[in-house]
Amino acid sequence: DSGVTQTPKHLITATGQRVTLRCSPRSGDLSVYWYQQSLDQGLQFLIQYYNGEERAKGNILERFSAQQFPDLHSELNLSSLELGDSALYFCASSGPGLAGVEQYFGPGTRLTVT
Amino acid sequence: ILNVEQSPQSLHVQEGDSTNFTCSFPSSNFYALHWYRWETAKSPEALFVMTLNGDEKKKGRISATLNTKEGYSYLYIKGSQPEDSATYLCAFWDGGATNKLIFGTGTLLAVQP
C-alpha cells in the first residue's frame with residue numbers, strides 16, 4: 512500500500528459526459544501527479560500540482576482539467592468524454608524535490624467510455 | 396520529442412536465471428532516472444532513483460547502474476523468482492521546459508517456476 516488513495520476504482524460512462532477522479536496523496540506529500548495509461552501507450556504524464564499550484568503540464572487535453580485543494584487532495588475533471596479517453600488514470604505523490612524523488616502511485620481509476 | 400527506449404519488450408526466463416534489461420534515454424539535460432516495478436493489477440512501485448553518473452543501486456536481488464554520458468541504465472535481477480514477474484519501467488526526468496517524468500514502455504518479465 513503506497514498511501515495514495517484514488518476513487519472511484521472503476522467508472523463507466525457515456526460519450527459526451529463529464530467525470531471527476533479524486534486522489535489523496537500520502538500524508539505529508541505536497542506534490543500530486545496525474546498520469547494516463549492507455550492500451551497502446553505507456554504511462555503519459557498529464558499534470559502536476561505542488562501545494563495547490565500547477566507546477567508542470569504534459570499532454571493534457573483542453574477537455575481535461577485538474578486542481579489541488581488546500582487539504583492537498585486533487586481532482587482530475589474529464590469532460591466531453593470520447594471513446595478514446597478510456598484508460599487507466601493514475602495519481603502519484605512525492606515528497607519535497609522534483610527529479611530526484613520517487614513517486615508513489617495510487618491504485619488507479621479505470622475509466623470506460625461507451 | 397524526448398524518447399525513453401527499453402529493451403527487450405518482453406523476457407521469459409526460468410526460475411533461478413539472472414537477467415538484465417536496458418533503458419536508453421537522452422544524454423543531455425540529465426536530472427534523474429527512475430526505475431519502477433509494475434505487477435499486474437497493481438500500481439507502479441519505485442525501485443530506484445538515480446541521479447549521478449556511475450550510480451549503482453541495489454535492493455535485494457535487484458540492482459541498477461547508470462551511465463549518463465552515453466544515456467543508458469541497466470537493471471539486473473539475480474536468481475529470478477516467480478514473484479519477480481512484472482513489468483519494469485524506467486523513466487527519465489526531463490529537466491528542460493516541462494519538468495516531468497517520461498516513461499518508457501517497459502520490459503515485461505515472466506519467470507517460469
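Going down the list, the protein sequences come from chains D and L.
Using this note's numbering, the letters of the first sequence correspond one by one to residues 512 to 625.
Using this note's numbering, the letters of the second sequence correspond one by one to residues 396 to 508.
Glycine included, each C-beta is placed from N, C-alpha and C at the ideal position.
None of the values given here were measured: they were computed from a predicted structure.
- Residue pairing by DSSP puts D:I523 in a beta bridge opposite D:T623.
- With respect to chain L, the C-beta atom of D:E565 has no partner C-beta closer than 7 Å.
- A residue is called buried when at least 16 other Cβ atoms come within 10 angstroms of its Cβ; D:Q547 meets this threshold and is buried.
- Taking the beta carbon of L:S458 as reference, no residue of chain D falls within 8 Å; the closest one sits roughly 16 Å away.
- The Cβ atoms of D:G606 and D:D540 sit closer than 7 Å to each other.
- Between L:K495 and the set D:Q528, D:G527, D:S538, D:V543, the nearest pair of CA atoms involves D:V543.
- In this structure, D:E613 lies near L:A441, with their beta-carbon atoms less than 7 Å apart.
- Judged by DSSP secondary structure, D:R533 falls within the beta strand (DSSP E) whose first and last residues are 530-535.
- In the DSSP assignment, L:T417 falls within the unbroken beta strand (DSSP E) covering 414-419.
- Interface with chain D (7 Å Cβ-Cβ cutoff): L:T446 is included.
- When secondary structure is reduced to three states using DSSP, D:D512 falls in the coil class, being assigned neither helix nor strand.
- In the DSSP annotation of this structure, the continuous segment of the beta strand (DSSP E) that includes L:A505 starts and ends at 502-507.
- Residues of chain L with a Cβ closer than 8 Å to the Cβ of D:V612 are, in chain order, V444.
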